[in-house]
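The next block holds one structure in the form of structure tokens; read it before the comments.
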Amino acid sequence: MSFMHDEYTIAWICALPLEMAAAKAMLDRTHPSLQQSRTDDNSYTLGSIHGHNVAMRATFQNIQLGLMVGIGGGVPSVDADIRLGDVVVSKPAGIYGGVIQYDYGKSIRHGRFQRTGSFNKPPLAFLTTSVHEVIGDVFRPREDQLFSATYDHQDESLGCCRCDESKLITRPPRANNNPRIHYRLITSGDQVMKDATIRDAIAQDLSILCFEMEAAGLMDQLPSLVVRGICDYCDSHKHKNWQAYAALAAAAYARVLLSFVPLGTPHPGV
């Protein structure tokens, strides 16, 4: 079955191939390709989820809701027990619209960075939806190691096998392996965050729970909900072992979320 351009109302945006693979796995149906504008060099997969036709905005002018779905780095927090594989969803707080931009090129003294702006608020239809359990029997990596913020990785060519286990933060085991969903501010910048000391300084300033890189270039063009599966802790111990699972967790959350959004609901704020 083929649809017209203006019948696509959801933009699901991915930056990495593994994020796109997870997104495709969430589609109920895949649709035939449609002609693109000459000025549009995006790569599209068209399909539907819970009756919503999903695509992108440049060629599809009737997009009403934006989802930016993929992976990000988590911030250990006393009030939010975040673990690898959890999902962080952007949520407005105070004057900030869910995602805060930091320009990592403008560093200032004492390990802090200059805050350079915030973005438009995501659609209210997303914020009133709560999904607590997203995925079940999907393979997930076993090791979830969180080291002290002041302890650096010992050998860039190896994993953490040579790191001092006495520097690990002890955390109580969870009752199950279901990803937890956290609604909090997300910060977006132009460099990968892999310094735990700077991570904590920025996060403490605004109660941020996730760092990522892609939303900064999107939010003012298409106000969106940012959904990030946590694949590392933004420290020197970063690795890729959790990326595929984290991408799948974020995609599964977005899929379930769309089941709560009524078909044909207008969202004039986008």
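Read left to right, the sequence shown gives residues -13 to 256 (the working numbering).
Glycine included, C-beta positions come from ideal geometry on N, C-alpha and C.
On a predicted model such as this, the values are computed, not experimentally measured, just so you know.
Which value, in whole angstroms, describes the spacing of the CA atoms of Asp72 and Leu20?
Reading the sequence shown from its first residue, position 86 is the one you call residue 72. Reading the sequence shown from its first residue, position 34 is the one you call residue 20. Going from the Cα of Asp72 to the Cα of Leu20 covers about 35 Å.
So, Leu244 versus Ile(-1), is the Cβ gap smaller than 8 Å?
Against the sequence shown, residue 244 aligns to sequence position 258. Against the sequence shown, residue -1 aligns to sequence position 13. Between Leu244 and Ile(-1), the CB-CB gap reaches or exceeds 8 Å.
For Met258, the first and last residue of its enclosing alpha helix (DSSP H)
A query on residue 258 cannot be resolved here, the shown segment of the chain reaching from -13 to 256 and no further.
Using 8 Å for Cβ pairs, my map puts Ile194 next to Arg170. What's the rounded Cβ distance?
The residue you call residue 194 lines up with position 208 of the sequence shown. The residue you call residue 170 lines up with position 184 of the sequence shown. With 8 Å as the limit, Ile194 and Arg170 qualify as a contact, their Cβ atoms being about 7 Å apart.
Going by DSSP, what residues sit across from Gly215 in a beta bridge?
If you number the sequence shown from 1, residue 215 lands on position 229. Partner(s): Ile57, Val73.
Ile184 lies in the alpha helix (DSSP H); which residues open and close that run?
Numbered from 1 along the sequence shown, position 198 holds the residue referred to as residue 184. Here the alpha helix (DSSP H) through Ile184 covers 182 to 192.
Can you check whether the CB of Val212 is closer than 8 Å to the CB of Val61?
Locating residue 61 in the sequence shown gives position 75, counting from the first residue. Locating residue 212 in the sequence shown gives position 226, counting from the first residue. Annotated as distal: Val61 and Val212, with beta-carbon spacing of 8 Å or more.
Give me whichever residues DSSP pairs with Asp38 in a beta bridge.
As a first step, residue 38 is located in the sequence shown; it is residue number 52 there, counting from the start. Correcting the residue identity first, residue 38 is His in this sequence and not Asp. Per DSSP, Ile35.
Exposure label - Phe133; buried when at least 16 CB within 10 Å:
Taking the sequence shown and counting its residues from 1, one reaches residue 133 at position 147. Buried, because 16 or more other Cβ atoms sit within 10 Å of the Cβ of Phe133.
Bounding residues of the beta strand (DSSP E) (the contiguous stretch that carries Arg170)
Taking the sequence shown and counting its residues from 1, one reaches residue 170 at position 184. Start and end: 167 to 174.
Cα-Cα, which of Cys147, Lys180, Thr31 is closest to Ala135?
Reading the sequence shown from its first residue, position 149 is the one you call residue 135. Cα-wise, what sits closest to Ala135 is Lys180.
Contact belief for Ala236 with Ile57 at Cβ below 8 Å, rounded distance in angstroms:
For the purposes of this step, residue 236 is identified with residue 250 of the sequence shown, where counting begins at 1. For the purposes of this step, residue 57 is identified with residue 71 of the sequence shown, where counting begins at 1. Contact flag correct, Cβ pair sits at about 7 Å.
Per the DSSP calculation, Arg15 is bridged to which residue(s)?
Counting from 1 along the sequence shown, the entry for residue 15 is found at position 29. Arg15 pairs with Ser34.
By alpha-carbon positions, which one of Asp14, Asp218, Ala240 ends up nearest to Val75?
Walking along the sequence shown from the start, residue 75 turns up at place 89. With distances taken between Cα atoms, Val75 lies closest to Ala240.
Cβ-based burial, Asp221 [other Cβ within 10 Å; buried from 16]:
Taking the first residue of the sequence shown as 1, we reach residue 221 at position 235. The residue is buried, with at least 16 neighbouring Cβ atoms inside 10 Å.
With distance defined between alpha-carbon atoms, name the residue in Ala189, Asn28, Arg24, Asp176 nearest to Ala202.
Start at 1 with the first residue of the sequence shown, and residue 202 comes out as number 216. Cα-wise, what sits closest to Ala202 is Asp176.
Environment of Met(-10) [buried if 16+ CB atoms lie within 10 Å]:
The count along the sequence shown starts at 1 and reaches residue -10 at position 4. Exposed: under 16 other Cβ atoms inside 10 Å.
Could you check whether His223 and His168 sit closer than 8 Å to each other, using their CB atoms as the reference points?
Position 182 of the sequence shown, counting from 1, holds the residue named residue 168. Position 237 of the sequence shown, counting from 1, holds the residue named residue 223. Their beta carbons are not under 8 Å apart, which means His168 does not touch His223 by this criterion.
Among Ser(-12), Glu(-7), Leu13, which has the Cα closest to the Cα of Leu249?
The residue you call residue 249 lines up with position 263 of the sequence shown. Among Ser(-12), Glu(-7), Leu13, the Cα nearest to that of Leu249 belongs to Glu(-7).
Given Leu234 as reference, the closest of Asp26, Val40, Gln131, Asn164 once Cα atoms are compared:
Residue numbering aside, residue 234 sits at position 248 when the sequence shown is read from its first letter. If we check each option's Cα against that of Leu234, Asn164 comes out closest.
By the 10 Å Cβ neighbour count, where 16 or more other Cβ atoms means buried, how is Asn39 classified, buried or exposed?
Along the sequence shown, one-based indexing puts residue 39 at 53. With 16 or more other Cβ atoms within 10 Å, it is buried.
Would you tell me roughly how many angstroms separate the C-alpha atoms of Ile82 and Ile172, rounded to the nearest one?
Position 96 of the sequence shown, counted from the first residue, corresponds to residue 82. Position 186 of the sequence shown, counted from the first residue, corresponds to residue 172. Sequence check: residue 82 is Tyr here, not Ile. Computed Cα separation, rounded: 10 Å.
Let me check one thing: in DSSP terms, what residues is Ala230 bridge-paired to?
For the purposes of this step, residue 230 is taken as residue 244 along the sequence shown, with counting starting at 1. Beta-bridge pairing links Ala230 to no other residue.
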